[in-house]
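Residue numbers (this note's numbering), protein chains in the order written: chain A, 1 to 307; chain B, 308 to 614.
Here the structure comes first, spelled out in structure tokens, and everything after it is commentary.
Protein chains: 2
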Amino acid sequence: MREIVIGGAQLGAIQKSDSRETVVRRMLALLEQARQQGCELVVFPELALTTFFPRWYMEDQREVDTWFEREMPNEATRPLFDFSREHGIAITFGYAELTPEGHHYNTSVLTDRQGNIIGKYRKVHLPGHVEFDTGRDFQHLEKRYFEPGDLGFPTWENQDTVIGMCICNDRRWPETYRVMGLQGVELVTLGYNTPSINSQKRGEGEQQRLFHSELCMQAGAYQNATWVVGVAKAGVEDGFPLMGGSVIVDPNGFVVARAKGQDDELIVHRCDMDLCNFGKTTIFDFARHRRIEHYGIITRQTGVRRP
Amino acid sequence: MREIVIGGAQLGAIQKSDSRETVVRRMLALLEQARQQGCELVVFPELALTTFFPRWYMEDQREVDTWFEREMPNEATRPLFDFSREHGIAITFGYAELTPEGHHYNTSVLTDRQGNIIGKYRKVHLPGHVEFDTGRDFQHLEKRYFEPGDLGFPTWENQDTVIGMCICNDRRWPETYRVMGLQGVELVTLGYNTPSINSQKRGEGEQQRLFHSELCMQAGAYQNATWVVGVAKAGVEDGFPLMGGSVIVDPNGFVVARAKGQDDELIVHRCDMDLCNFGKTTIFDFARHRRIEHYGIITRQTGVRRP
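This is the structure:
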């Protein structure tokens, strides 16, 4: 058996005024819980170090850039990597990345159990919009502050497992899981910041949004015979509610662990990577069953063309 | 509003010895129920005219061919098309197709409300195997008796709606829905014959298999903002149980109608095609959000290549 004890470290609200140092202290407290429960890998949410700043409209790029990290690790986050190294716990978390060349990405990193960064992913499917939108109850300006990721959906072999990452809205797109599935992925980690209400449809509340989130992760897990660990930043940030519902989903699509609240909360499951084998060798043995000659428009055509 | 009252006409077991005429009489009885309930389109299952013959190992091609239809409509099925024309009810059902050129397909047809065939689909994702497999509790020889469909996933505009079809195992593949989604599909109809037990994993019983079936249809519906109508052939055929669970799924991924039993049973829902509009213009507005530059291996690569 190839088992990894995985922790999903949900974070509660981070207010606009909270410093990175404050947040990292909360993350370290979750890591300490994870250590006590024997975790070997801990998954933190998207943009884990700050409030979900894309809800705020900003015109001054200098102000925007204050939400970004210019290097990783940096002074504020070094204690996370130190903890990883000292206790043999791999970690993954999201942050806003500003590259030396001036590019802005919604990024996550993955370490090995020695605290070394072994993988980086930059969010491909940016939701939201570029300009202030008066038609929404609140703003979701990811398309304003970030460029689409330029790394595709890479995977890495570590802890005897093929691991991939995606971020938030990526989880709604079957292409995300499939591109990793075609690399034999056995564990997909992802973080999210998902408003509890649809900004364009007030009637769509938290229950429906939790359902959609789980539906996509469960389908992605089953259809690619992979574990999926989805971790929320939850709670009310400066008056704006984010849903919780962090989950660990097994390769059959079943939820095996789920966060109960909207605060800092650790969920843990001992994940047997060999549970991926059955699906990958039978109903989802891609080499035997996929028919790429009929999939052409998936990669040839971005938008809809009616018959 | 663009509404279509849709009936999902689940069929109970069809024994090996049952004639097509017997089955067509049962289908006509369901159509009569559908007429009384105001249905404008009725969806029947995969291989609706016969037992699920791919569970039987046959070496004599003449015997195999007795399960196939050489033309459609034919004498046995003409009453279905007559009923469609007389009562203004479009129908779709599956059958084994033997072409004049000698090709064998697992096929479905769709009519307009005048009983004219306007669309044909040939199953792309054939499950199962070619040779007798002693490792299984029972056989699933679709790869022996059928060729993979050669028509892709076409869609048709009818009843002011973009309609597509798929069959059984196709519903587990996100590519199926996406290829139609990229054509603006608003209604996907499908039939299935799904054994209640996994022939390669006895512990996987009916509840888990119903879950997987619904999970895939719900995800396909939500992620493409389309109605999905999935209709079973159910019940115990010559000792082999098939699951029921026919459903109508709305474009939000919610099941709005579900069959209760495993016999002939009609489920009905008034489906508003305009419910597809919200998803198609917001979170799943493909033109704005898809990033085909990162999907390449989905169409370039059939099987898995590890990192």
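Think of the CB as a built atom: it goes at the ideal place given N, C-alpha and C, for glycine as much as any other residue.
**Prompt:** Can you list, in chain order, the residues of its chain whose CB lies under 6 Å from that of Phe-400(B), leaving out five sequence neighbours each side?
**Reply:** Phe-351, Ala-355
**Prompt:** How would you list, in chain order, the residues of chain B whose beta-carbon sits under 8 Å from the beta-carbon of Pro-307(A)?
**Reply:** Ordered by position in chain B, the residues that pass the 8 Å Cβ test against Pro-307(A) are Pro-461, Thr-462, Trp-463, Glu-464, Val-469, Gln-490, Gly-491.
**Asked** Run through DSSP, which three-state label would Phe-81(A) get?
**Response** The answer is helix: DSSP assigns Phe-81(A) an H, G or I state.
**Prompt:** Between which two residues does the beta strand (DSSP E) carrying Leu-335(B) extend?
**Reply:** No beta strand (DSSP E) holds Leu-335(B); the alpha helix (DSSP H) holding it covers 327-343.
**Prompt:** For Lys-233(A), which residues does DSSP report across the bridge?
**Reply:** Leu-11(A)
**Message:** Suppose the cutoff is 6 Å on Cβ atoms and the five residues either side in sequence are ignored; what does the same chain contact list for Thr-161(A) look like?
**Reply:** Glu-186, Leu-187, Met-273
**Prompt:** Between the beta-carbon of Leu-433(B) and the beta-carbon of Gly-426(B), is there less than 7 Å?
**Reply:** no
**Whole runs of the alpha helix (DSSP H) within the region 473-523 of chain B, excluding any shorter than 4 residues** = 481-488
**Item:** Cross-chain neighbours of Gln-608(B) in chain A, by beta carbon under 8 Å
**Value:** Leu-182, Ile-292
**Prompt:** Hey, Thr-414(B) and Arg-429(B): beta-carbon distance below 7 Å or not?
**Reply:** yes
**Item:** Proximal residues, the region 520-533 of chain B versus chain A, C-beta separation under 7 Å
**Value:** Leu-522, Cys-523, Gln-525, Ala-526, Tyr-529, Gln-530
**Prompt:** How close, in whole Å, do the beta carbons of Gln-466(B) and Glu-347(B) come, if the pair is a contact with beta carbons under 8 Å?
**Reply:** About 7 Å separates the CB atoms of Gln-466(B) and Glu-347(B); that is less than 8 Å, so the two are in contact.
**Prompt:** Taking Cβ-Cβ distances below 7 Å as the criterion, which residues of the region 357-385 of chain B are in contact with chain A?
**Reply:** none
**Request:** Compare the C-alpha of Phe-286(A) against each of Ala-225(A), Asp-264(A), Pro-241(A) and name the closest.
**Result:** Ala-225(A)
**Asked** What residues from chain A crowd round Val-431(B), counting only those whose CB sits closer than 8 Å?
**Response** Arg-291, His-294
**Prompt:** Just the Cα atoms here: how many angstroms apart are Tyr-177(A) and Glu-21(A)?
**Reply:** 33 Å
**Cβ-based neighbour list, Ile-574(B), same chain, cut-off 8 Å, excluding 5 preceding and 5 following** = Around Ile-574(B): Gly-314, Gly-315, Gln-317, Ser-553, Val-554, Ile-555, Ala-564, Arg-565, Ala-566.
**Spatial distance of Glu-157(A) from Thr-441(B) (CA atoms)** = Their backbone Cα atoms lie some 35 Å apart in a straight line.
**Asked** Smallest Cα separation from Met-243(A): which of Asp-150(A), Ile-292(A), Asn-193(A)?
**Response** Asn-193(A)
**Request:** Identify which residue in Ile-396(B), Trp-363(B), Arg-451(B) has its Cα closest to the Cα of Gly-546(B).
**Result:** Trp-363(B)
**Request:** Go ahead and pull the three-state DSSP assignment for Thr-468(B).
**Result:** It is a strand residue.
**Request:** Look at Leu-31(A) and Phe-83(A) and say whether their C-beta atoms are less than 7 Å apart.
**Result:** Contact check for Leu-31(A) against Phe-83(A) passes: the beta carbons are separated by less than 7 Å.
**Asked** Taking C-alpha atoms, which residue in Gln-36(A), Glu-204(A), Lys-201(A), Gly-149(A) lies nearest to Ile-89(A)?
**Response** Gln-36(A)
**Item:** Against chain B: residues of the region 95-122 of chain A by CB proximity under 8 Å
**Value:** Against chain B - using a Cβ distance shorter than 8 Å - the region 95-122 of chain A contributes no residues.
**Prompt:** Who are the near neighbours of Lys-323(B) in its chain, counting only those whose CB is closer than 8 Å to its CB and skipping five residues on each side?
**Reply:** Thr-358, Phe-360, Trp-363, Glu-544, Asp-545
**Asked** Where do the ends of the alpha helix (DSSP H) carrying Tyr-145(A) lie?
**Response** Taken as a continuous stretch (DSSP letters only), the alpha helix (DSSP H) holding Tyr-145(A) covers 142-145.
**Beta-carbon neighbours of Glu-328(B), restricted to chain A and to distances below 8 Å** = Under the 8 Å cutoff, chain A gives no residues; its nearest Cβ is about 35 Å from Glu-328(B).
**Item:** Beta-carbon proximity check, Ile-297(A) vs Val-535(B), cutoff 7 Å
**Value:** no
**Message:** Beta carbons nearer than 8 Å to chain A: which residues of the region 544-560 of chain B have them?
**Reply:** Asn-559, Gly-560
**Prompt:** Taking C-beta to C-beta, are Glu-449(B) and His-411(B) nearer than 7 Å?
**Reply:** no
**Prompt:** With 16 as the cutoff for other CB atoms within 10 Å, does Ala-29(A) come out buried or exposed?
**Reply:** Exposed, because fewer than 16 other Cβ atoms sit within 10 Å of the Cβ of Ala-29(A).
**Message:** Can you confirm whether Val-486(B), when its beta carbon is compared against all beta carbons of chain A, has any partner nearer than 7 Å?
**Reply:** yes
**Item:** Beta-carbon neighbours of Ala-287(A), restricted to chain B and to distances below 9 Å
**Value:** Thr-609, Gly-610, Val-611
**Asked** Which one or two residues does DSSP pair with Gly-401(B) in a beta bridge?
**Response** Ser-415(B)
**Request:** May I ask you to list the residues that DSSP assigns as paired with Lys-123(A)?
**Result:** Lys-123(A) is not bridged to any residue.
**Request:** Report the rounded CA-to-CA distance for Thr-609(B) versus Phe-284(A), giving the unit in angstroms.
**Result:** Each residue's Cα considered, the two are about 11 Å apart.
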